[in-house]
Structures are given as C-alpha cells and as structure tokens.
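Protein chains in written order, with the working numbering: chain G, 1341 to 1630; chain P, 22 to 481.
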Amino acid sequence: MYKIIEKRALAPQIFLMDIEAPRVAKSAKPGQFVIIKMDEKGERIPLTISDFDTKRGTVTIVVQTIGCSTKEMENYEVGDSFLDFVGPLGQASELMSESIEDLKKKKIMFIAGGLGTAPVYPQVKWLNAQGVKADVIIGAKAKEYVIMEEEMKSVAGTVYPCTDDGSYGYKGLVTNKLKELVQNEGKKYDLVIAIGPMIMMKFVCKLTEELGITTIVSMNPIMVDGTGMCGACRLTVDGETKFACVDGPEFDGHKVNFEEAMRRQTMYKSQESLKDEGIKPGCGLVGGIK
Amino acid sequence: MDRMKRIPIAEQDPKIRATNFEEVCLGYTEDEAVEEATRCLNCKNPQCVTKCPVAIDIPGFIQHVKNREFEEAVKVIAKYSALPAVCGRVCPQETQCESKCILGIKGDAIAIGKLERFVGDYSRVHNVDISETKPKTGIKIAVIGSGPAGLTCAGELAKDGYDVTIFEALHEAGGVLVYGIPEFRLPKDTVVKHEVENVKKLGVKIETNVIVGRTVTINQLMEEEDFVAVFIGSGAGLPMFMGIPGENLNGVFSANEYLTRNNLMKAYKEGYNTPIRTGNKVAVVGGGNVAMDSVRTAVRLGAEGHIVYRRSESELPARAEEVHHAKEEGVIMDLLVNPVEILGDEKGNVIGMKCIRMELGEPDATGRRRPIAIKGSEFIMDLDTVIMSLGTSPNPLIASTTEGLEINKWKCIVAEDETGLTSKQNVYAGGDAVSGAATVILAMEAGKKAAYAINEMLTK
Chain G
1341 MYKIIEKRAL
1351 APQIFLMDIE
1361 APRVAKSAKP
1371 GQFVIIKMDE
1381 KGERIPLTIS
1391 DFDTKRGTVT
1401 IVVQTIGCST
1411 KEMENYEVGD
1421 SFLDFVGPLG
1431 QASELMSESI
1441 EDLKKKKIMF
1451 IAGGLGTAPV
1461 YPQVKWLNAQ
1471 GVKADVIIGA
1481 KAKEYVIMEE
1491 EMKSVAGTVY
1501 PCTDDGSYGY
1511 KGLVTNKLKE
1521 LVQNEGKKYD
1531 LVIAIGPMIM
1541 MKFVCKLTEE
1551 LGITTIVSMN
1561 PIMVDGTGMC
1571 GACRLTVDGE
1581 TKFACVDGPE
1591 FDGHKVNFEE
1601 AMRRQTMYKS
1611 QESLKDEGIK
1621 PGCGLVGGIK
Chain P
22 MDRMKRIPIA
32 EQDPKIRATN
42 FEEVCLGYTE
52 DEAVEEATRC
62 LNCKNPQCVT
72 KCPVAIDIPG
82 FIQHVKNREF
92 EEAVKVIAKY
102 SALPAVCGRV
112 CPQETQCESK
122 CILGIKGDAI
132 AIGKLERFVG
142 DYSRVHNVDI
152 SETKPKTGIK
162 IAVIGSGPAG
172 LTCAGELAKD
182 GYDVTIFEAL
192 HEAGGVLVYG
202 IPEFRLPKDT
212 VVKHEVENVK
222 KLGVKIETNV
232 IVGRTVTINQ
242 LMEEEDFVAV
252 FIGSGAGLPM
262 FMGIPGENLN
272 GVFSANEYLT
282 RNNLMKAYKE
292 GYNTPIRTGN
302 KVAVVGGGNV
312 AMDSVRTAVR
322 LGAEGHIVYR
332 RSESELPARA
342 EEVHHAKEEG
352 VIMDLLVNPV
362 EILGDEKGNV
372 IGMKCIRMEL
382 GEPDATGRRR
392 PIAIKGSEFI
402 MDLDTVIMSL
412 GTSPNPLIAS
422 TTEGLEINKW
432 KCIVAEDETG
442 LTSKQNVYAG
452 GDAVSGAATV
462 ILAMEAGKKA
472 AYAINEMLTK
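Here it is, written out as structure tokens:
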C-alpha cells in the first residue's frame, strides 16, 4: 500500500499528491513516470513524476480529472492509500546524460501546456541545481489554470505565462509566445522541450521545425503495464515503431508521427465516455459477456 | 473396465463455454481419479518420469491416488513441484510424461496431467499442509520475477532454509500464469493464487511493483540489501510485430496486451475499470498456444474469431487439445494464409487485412516445411480487430542495467545449462529469460536446477 502524505488543489480539477513510495523516490529521475492502480478493480494509469524527496521517501504526482479513474482519485484524501504504485518507469530526461559543460552553453526553453507544467518542473529544477537557468512558457486556458508558477520561478530563468483568454500573462497560444520571443524579441534557443497535450506538442514541433530548433517532446499514449511487455503505447518515430514506456517517453519531436499518436489516443474514447457518464456501473466496461 | 481406455473427463459444453470464462475442463471426481489411477502399471522402470522436466515420481503419486491416499499423493508431488494444479492443466503432457507411458503404445496413455491436476486441486480444497522446510539459514537470496521459474526457484530455496524475496514488476504474482493464460484454462483466484500462497507459506516474501533495472538494480540488491545470490526469472515478455504496413492502426494489438487487459486487469468482468476492444470480427495472426488463448478470448467477448496461420494444421505449434477446443467453440481456421498489410478507414480504424495464400515447400533447417507465397493469390479479409501473436523475446531491461551480465544475439541471458549460472558471480538465470519463449514446466525445471546449484554453491 502506498500512503498519501499530502494533497493540495492547484487549480480547478487539478490536484497534487505526495505519495509514500521509498523505493521509487530513491531511484526517480526527471522525465520518468509511475503507474498507479488505485484499488482491486482499478485500471493502471500512467502519471509523470513531478517531484521526489528521497529523505521523506515520497514521490509527487499532479493529476487532472479527465475521466472516471482520475475523478475517483480526487476522492482520495491524506492518510488513504493506493493499492499499487510502480516506478520509476521510462528513460530519464536526455538532459541528464549530457555533460554539464555542454548544458551550460545551451539556451533551453521549456514549453509546458496545462498539466504538462508538472513534469517540466523537475527538469528545470534539476538544471537549476547544475547551475543552468532555463526559460519556461506556461500555457493554460485561463488564469486559474496556471499551476506551479511560483515553484517554477524559483528554479527557472524567465517564466512566461500565457492564457488562451488573456486573463493572465500573454494572451494566446504557447506557440505564438515562442514565435514572438524568437522573431520579435530576438531570443535564441538551442533546445525546446515541450510537454503537454499532444496537439500542443505537435504545433510546437511544427513551429520549431520552421525556426530550426531541436525539440524534445514527452509522449503520453495509452499504457497498460508500462514495462515494455504489451506495446499498447507504441508510436512511430522516424519511421520506426517505438514503445513509449521503455524507449521514451521523451523523443525527438520532429521525428514523431503525431497524426498516428493522436489517433491511437482515441482508441477507447467511446468506452471511456460510457463509463464516465455512469451508463456502466463503476468504471467497468465489458463487451460480449453480460 | 478396459485398461487401454482412458477414463473420460467432464468438460463444459462448447456452446455454453464459448460465452463464459469458466474453466473448460471440469476435472476428475475422486472416483474417476481412482479408476484412472488403477490403469497405471506401476512400471519398475517408469519411462514417464524420464520425460517430466522436474522428474516427479509419477507412479509413486498415482499409486497413492489408486489407494485413495490423496494426502500422501499431494506430499509425493510436493517434493518435486510447487505448482501441480497449474502444470496438470497447462503442461503439454502429450509430448512429455504421457508420450512415454507404456499403455500409450497399444491404447491411451495414463492421464498423468489430469491426475496431477486432481491431486493439486485436492490439496487446495483440503488445505493439505506442505509448508515444511529445513532450519533457517538466514542467508538472503533475491529472485527476480514471480512466474513459474521464479516461484519454483524461490520455493526450492525456501525449503532449503534460505530467506528468499521475490521481486515482481506487476501488481500481482504469477507472471504468465496471471497475465497470459486465460481463466478458462487456468482459474486465477483459486488455482494460481493458492499455489502462490503455498510458496509464501514456505516463508518466501513477494514484493510486487518492483521493476528490477528501474526501481532497484541487481547491484543494489547485492551491495545495499545483502542478497548473497540472485536468480533472474524475468521471462520473455517483449512482443514481436510483423513490420507490415498498418500495424499501428486502431484495433491492432499484441496478444500480450489483449490477454493482459483481459486476464490480469479482468476487463471482461463487470465493475473492473480496464476497457478492452471486443470487436465483431477478430483475426489472430499466429498458431501457438498464445494465439489459441487470444482467439478463444475474442470469441468469449462476442466476436467471430479467426486464426490466420502461414503453415498448415499439422504444423500448428499449439497443443492439439487447445486447437480442438478452439474449433469446438467456433473458431475459424484460415490456414496457409499470411498477412501482408492491415487496412484502415480514414479515421485509422482497422477495416480489413490483405493476405496472401501460401503453399508448403521443402523442409527447412528446423525440419518444418517452409511456407511459400502463391503469386497473385492476394485477398482481403474484412475485420475490425487484429491480434498479433508471433512470439515474444526477453525484455532487455535487466541485462541493460546489470554490468557484466552477458546476453546472446536473441537478447537471451547466457547461462550454464545445468546450473543457470550467468557470466556474473552469484547471479543465476533460468526460464524464458534464458531460453526464449518456451513452456511453464521447462521454466520450472530451470528454476529448480538453479536452486540446487545455488544451494551447492552456498554450502561448499
């Protein structure tokens, strides 16, 4: 059992949890993720690690309620436990295998879309600890959805909030902000790391390809085991099939087939909406057998 | 009684069982088991034993069954195997123990598997205590993976008095017994859970949700957690795909994903949260036991199920019993057929599969006749779901994170045949991680041999 040590609302439908999982906390690295199964009947859902504390033995996750399981997760309180919590999974961020000297020479921009701000944070924090200040664009639909801005500011160079409705920071999409910084303000970036909804990552990649900036994305396909044994999370990268859970989740964004990846994300959409609307008992759904 | 004829065993009616996940074979009653056991000639030089990978004293336990000494029969098997209720169900006995039964020459071989299963089930129902071990040594041994190889190795070492911990990546112990083999061949909550419990009763600890290579490394286990020896039984769980166009369309699955959703995550059961694609017309590409398990699962979820296999029926690698069961349940066999492309609609959903017909040529190096495509014979199967069941290979995760652990070109861990010793000191390996995908009983044999070698090494 994995106990919830802290829980905090960050924005409407977005909350943070510190989970007691000493083995995971000890081995976790920025860029990796965990899989949680809440109870006996639960499904296995992947969530990116947004922080970890080796001393306390805790791992931080940030969750957005988008469906049946995440809504159920919101009902868990401090002191409650999850049945299964496994990780760290996937490859650590590639930044960690570069030399610090090389990193210091680079101008790095992170682009965080919505919930994607959470997995961006440990990477920026890690860079800061190495003496590298990265800039961050945080995108959200409106002011109340901008999360972790203060934490991010404490470890980043410049943080640029953007909102779709202009209620806070720059009014418009993260791609427009990046374009403005590069084309109007003469900023130069050697590397962009984009984490957020696939559609956002796709458009960031389209833009950075034009701008000639190397771009890393963190892919979030459907997963089951997260250990490479099923291929549910497969993607096409540079014409080759890759398993996001073991080969990624980070890939060269200019080589990812986003059309296919976005299509595969919708595989269980009709089943998900049925259980979300409570048409089926619990979240459970079956075919043939009634 | 005709000594040459096997006592028949009850099975669920094919029409009914094709709509549920209950076990197909219902097993012998006590009287039927005694009657079948009575046929055994109790050979002085029993050939059946020579073909059992863990060398169970087969005539020994069968004589106890014959005399209605069921508890004694349990104890005889327990000396050799920790998983009789599993092996009695899933071993290919026709090519192992039963293939050498003397009665098989003129009539039916003794139903050794069914009798073993009867004894395993009796042990569970009557809670026979088989938890006896030698005095504790206090020496810690780590076992990676809780499949048949790991469970057997851990059980044997615990019997020798070692302090054994199994590390399992998934949330439940059992490996392929829980995620791969379906409920209708191997019930999970009763049979598998109980045999795992038996291993725990010997004092074995099982830590689930630990991925060796990510959560912790072998070096950490040995250096920081004082494990003196390690056995790797991590299996061969990496699925293969064909590499044909359309394989990433929505509706194409690896058999591992399909079976994991259904068996481990219980997607077929009301109230469980994992969804599964049921499909109306499902093709399973491949001809092994995993392909049969997948297609029979699809049928139970309400689909029309097809097996698409590039050779003919006599080359099917699946057990004859499973092929027979599949056909009885309405599975359609599309033999001498090979897929060349999976076709999708504009939304990326599978709508069909382009295939080519095959004929058999000369035998190849493995002795099997090589399938050759017949030019111009392409045709399209209308489908909405395709399941790839082409085999699996070992997951490279452990080898890639363990310095000094040698692997071969098939990514299998290199280990000595008799002992399981790897290129790394005090690290042993066995089962599919070494051999590539094979059988439950061969994995158990490897686990047993390694346990023996580890004990030898530690008592020297």
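Note that CB positions come from ideal geometry on N, CA and C, so glycine has one too. Since the structure is predicted, the reported quantities are computational estimates derived from the model, not experimental observations.
Reduced DSSP category for residue i - H, G, I as helix; E, B as strand; rest coil
i, result
"residue 114 (chain P)", "helix"
"residue 68 (chain P)", "helix"
"residue 91 (chain P)", "helix"
"residue 480 (chain P)", "helix"
"residue 61 (chain P)", "coil"
"residue 124 (chain P)", "helix"
"residue 1554 (chain G)", "strand"
"residue 1427 (chain G)", "strand"
"residue 1540 (chain G)", "helix"
"residue 42 (chain P)", "coil"
"residue 104 (chain P)", "coil"
"residue 415 (chain P)", "coil"
"residue 36 (chain P)", "helix"
"residue 1523 (chain G)", "helix"
"residue 1624 (chain G)", "For residue 1624 (chain G), the predicted model reports a pLDDT of 44, less than 50, meaning its position is unreliable; a value from the coordinates is still stated below. The answer is coil: DSSP assigns residue 1624 (chain G) none of H, G, I, E or B."
"residue 193 (chain P)", "coil"
"residue 1576 (chain G)", "strand"
Cβ pair residue i, residue j closer than 7 angstroms
i, j, result
"residue 379 (chain P)", "residue 357 (chain P)", "yes"
"residue 182 (chain P)", "residue 157 (chain P)", "yes"
"residue 140 (chain P)", "residue 95 (chain P)", "yes"
"residue 213 (chain P)", "residue 223 (chain P)", "no"
"residue 97 (chain P)", "residue 109 (chain P)", "no"
"residue 282 (chain P)", "residue 297 (chain P)", "yes"
"residue 73 (chain P)", "residue 471 (chain P)", "no"
"residue 166 (chain P)", "residue 102 (chain P)", "no"
"residue 1397 (chain G)", "residue 1362 (chain G)", "yes"
"residue 1503 (chain G)", "residue 1509 (chain G)", "yes"
"residue 320 (chain P)", "residue 99 (chain P)", "no"
"residue 279 (chain P)", "residue 333 (chain P)", "no"
"residue 381 (chain P)", "residue 390 (chain P)", "yes"
"residue 1459 (chain G)", "residue 1535 (chain G)", "yes"
"residue 348 (chain P)", "residue 362 (chain P)", "no"
"residue 1540 (chain G)", "residue 1453 (chain G)", "yes"
"residue 259 (chain P)", "residue 154 (chain P)", "no"
"residue 450 (chain P)", "residue 436 (chain P)", "yes"
"residue 443 (chain P)", "residue 238 (chain P)", "no"
"residue 129 (chain P)", "residue 27 (chain P)", "yes"
Buried or exposed (CB count within 10 angstroms, at least 16 for buried), residue i
i, result
"residue 1360 (chain G)", "buried"
"residue 400 (chain P)", "exposed"
"residue 335 (chain P)", "exposed"
"residue 1560 (chain G)", "buried"
"residue 1386 (chain G)", "buried"
"residue 1466 (chain G)", "buried"
"residue 44 (chain P)", "buried"
"residue 1494 (chain G)", "exposed"
"residue 1609 (chain G)", "exposed"
"residue 127 (chain P)", "exposed"
"residue 236 (chain P)", "buried"
"residue 388 (chain P)", "exposed"
"residue 107 (chain P)", "buried"
"residue 1624 (chain G)", "With a pLDDT of only 44 at residue 1624 (chain G), under 50, the local geometry of the prediction cannot be trusted, and the value read off the model is given with reservation. Buried."
"residue 1579 (chain G)", "exposed"
"residue 37 (chain P)", "exposed"
"residue 1417 (chain G)", "exposed"
Supposed close pair residue i, residue j - CB separation, criterion 8 angstroms
i, j, result
"residue 1590 (chain G)", "residue 1431 (chain G)", "7 angstroms"
"residue 1345 (chain G)", "residue 1358 (chain G)", "5 angstroms"
"residue 370 (chain P)", "residue 394 (chain P)", "Between residue 394 (chain P) and residue 370 (chain P) the Cβ distance is about 27 angstroms, and since that is not below 8 angstroms, they are no contact."
"residue 304 (chain P)", "residue 407 (chain P)", "5 angstroms"
Worksheet entry | Runs of alpha helix (DSSP H) lying entirely within the region 202-271 of chain P, each at least 4 residues, in chain order | Segments of the alpha helix (DSSP H) lying fully in the region 202-271 of chain P: 214-222 and 239-244.
Discussion item. In chain order, what are the residue ranges of uninterrupted beta strand (DSSP E) at least 3 long that sit wholly in the region 439-466 of chain P?
Written reply: Listed in chain order, the beta strand (DSSP E) runs fully inside the region 439-466 of chain P are 448-450, counting runs of at least 3 residues.
Worksheet entry | Every unbroken beta strand (DSSP E) inside the region 1473-1509 of chain G [3 residues or more] | Under the rule that a run must span 3 or more residues, the beta strand (DSSP E) segments found entirely inside the region 1473-1509 of chain G read 1475-1480 and 1499-1503.
Item to complete: Just list the alpha helix (DSSP H) runs in the region 1580-1604 of chain G, keeping only unbroken ones of 4 residues or longer that don't cross its boundaries, in chain order.
Response: Within the region 1580-1604 of chain G, the runs of alpha helix (DSSP H) that reach at least 4 residues and sit entirely inside it are, in chain order, 1584-1587.
Item to complete: May I have a chain-ordered list of the beta strand (DSSP E) segments no shorter than 3 residues that lie completely inside the region 280-347 of chain P?
Response: You should have 302-306 and 325-330.
Worksheet entry | Length at least 3, wholly inside the region 344-386 of chain P: the beta strand (DSSP E) runs in chain order | Fully enclosed beta strand (DSSP E) runs of 3 or longer: 353-356, 358-365 and 371-384.
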